[in-house]
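All remarks here apply to the structure that follows.
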Amino acid sequence: MRKKIRTATEKAASRRKARRGRAILARKARAIETIASGSACDAAANLALRQGIYAGKIYRITSSVAAKQLVAAVVALLAEEFGPAPLEAFRRLQFTLPGQELFERMGKVRKTLFARPELQALVFAVLAEQGFTAEANAVDPARMRAVTSGGHLNPLAAPAYTAHRDTWYSNPQAQINWWIPMHDVGVGETFSFFPALFDVRVANDSADFDYDRWAAEVGFQNTSGLKAVYPSASGFDEDSALPFACQAGDIMLFAASHLHQTAKNASGATRFSTDFRTVNLDDHNKGLGAPNVDNLCTGSCLADYLGS
Ligand SMILES: [Fe+2]
């Protein structure tokens, strides 16, 4: 068999591809850093943490007592609605309750969490552990998320699985996202980051999103039946995805402008998580935050955050 002779152009292209692959791998390896809860709680360390996040660093915080308390409180809310049971039982409700009933009752739990001050106080305890003060930060209250196993097969849920930056939804460039799994999660149950695209322009339809119009016509719990605009990425390098696994009560801390995409959960159980967001007001007012490389939305959700 004759060996194919590669031209100099083909060899150069191959070398470029290999270099790019190595660069992506290196950036993935550097992207997530695990730190212990409380290790960035003085002002200087907190500033360095925020600067790292604005530069694209993703932190996994372990051993947070307050995050575990928050998780326990949300599990207790599920028990209020569905009856006392371990979280593992709630993860399997999708197989015993009709879909619409489950959706409505989960919505009730989400609204209760959102509205109860004593539960949101637990958010501030999580923040305090990491040196984020209530005075310095605007806070978007905690929300519970439930991603059913096989939920991605429902065409109506498609927007929830597209890759996006939260900043395309009028979230400030200085926003930091706090994501807490309520049980141990494998790589197929979380979401993926695209660290190589953090500061690289990605084609998207964020220009169609205006916060005031969205808040007036659709809102967070979108039960209006109106078709919302969900800005999404298109034509990007999906191979650069960085999925991750973590444990119950860990905190994933990252810039809202990180491109990310929810995993198609096929684990056989619903994935539960709780998340909230913070914006350091001083940083925001100074124009600090993650770089804006491709965000064309209008408006800002900041006025709706506590303490803004
Ligand atoms: Fe998101």
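Every number in the numbering used here is 907 more than the matching position in the sequence shown, counting from 1.
From the three backbone atoms N, C-alpha and C, an ideal C-beta is built for every residue, glycine too.
As assigned by DSSP and simplified to three states, the class of residue i
i	result
E940	strand
Y1212	coil
H1071	strand
A1028	helix
G1057	coil
Y1137	coil
F1116	coil
M1089	coil
I1158	strand
L1000	helix
V1078	First, the residue type needs correcting, since residue 1078 is Asn and not Val in the sequence shown. Coil, per DSSP.
M908	Confidence is the limiting factor: at M908 the pLDDT is only 48, short of 50, which leaves the residue's position unreliable and the question unanswerable from this model.
T916	helix
Burial state of residue i, where buried means 16 or more other Cβ atoms lie within 10 Å
i	result
F1151	buried
L956	buried
A1140	buried
E1096	buried
T1205	exposed
R1017	buried
D1146	exposed
V1094	exposed
T1169	buried
P1005	exposed
D1190	buried
Q1154	exposed
G1194	exposed
V972	exposed
P993	exposed
M1159	buried
Spatially closest choice to residue i from the options, by CA coordinates
i	options	result
E940	S1207, D1157, T1177	D1157
E1036	I968, L1063, H1059	I968
D1073	L977, A1163, L1203	A1163
Y1058	K1171, R1012, S1147	Note on identity: in this sequence residue 1058 is Gly, with Tyr being the wrong assignment. The candidate whose alpha carbon is nearest that of G1058 is K1171.
G963	F1100, E1124, Q976	F1100
W1121	S1207, L1149, F1183, Q1168	S1207
A1110	G1196, R999, P1138, I1083	P1138
Q976	F1105, A1210, H1090, A1197	H1090
F1098	S921, F1021, L1166, H1191	L1166
K1015	F1105, A979, R1052, G945	R1052
A943	F1010, L1209, A983, V1033	V1033
L1209	P1079, W1075, R1023	P1079
R1023	A1049, S921, A1173	A1049
V1186	S1077, A979, A920	S1077
A979	L1203, P1088, A1041, V1107	P1088
Residue i versus residue j - alpha carbon distance
i	j	result
R923	N1061	39 Å
F1161	G1142	23 Å
E917	R937	30 Å
Q1001	A974	26 Å
V1046	R1184	6 Å
L1029	E988	20 Å
I1083	A1197	9 Å
L985	E1011	13 Å
Q1007	T1055	13 Å
G990	A996	10 Å
L1009	V981	16 Å
I912	R926	21 Å
Short CB-CB distance (under 9 Å) between residue i and chain C
i	result
P1198	In the structure shown, chain C does not exist; there is a single protein chain.
Touching or not, the segment 1113-1126 and the segment 1178-1188, by the rule of three or more beta carbon pairs under 8 Å? No: the two stretches stay apart, fewer than three of their Cβ pairs being nearer than 8 Å.
May I ask you to verify whether the segment 1064-1080 touches the segment 1029-1044, counting CB pairs closer than 8 Å and requiring at least 3? Short answer: they don't touch.
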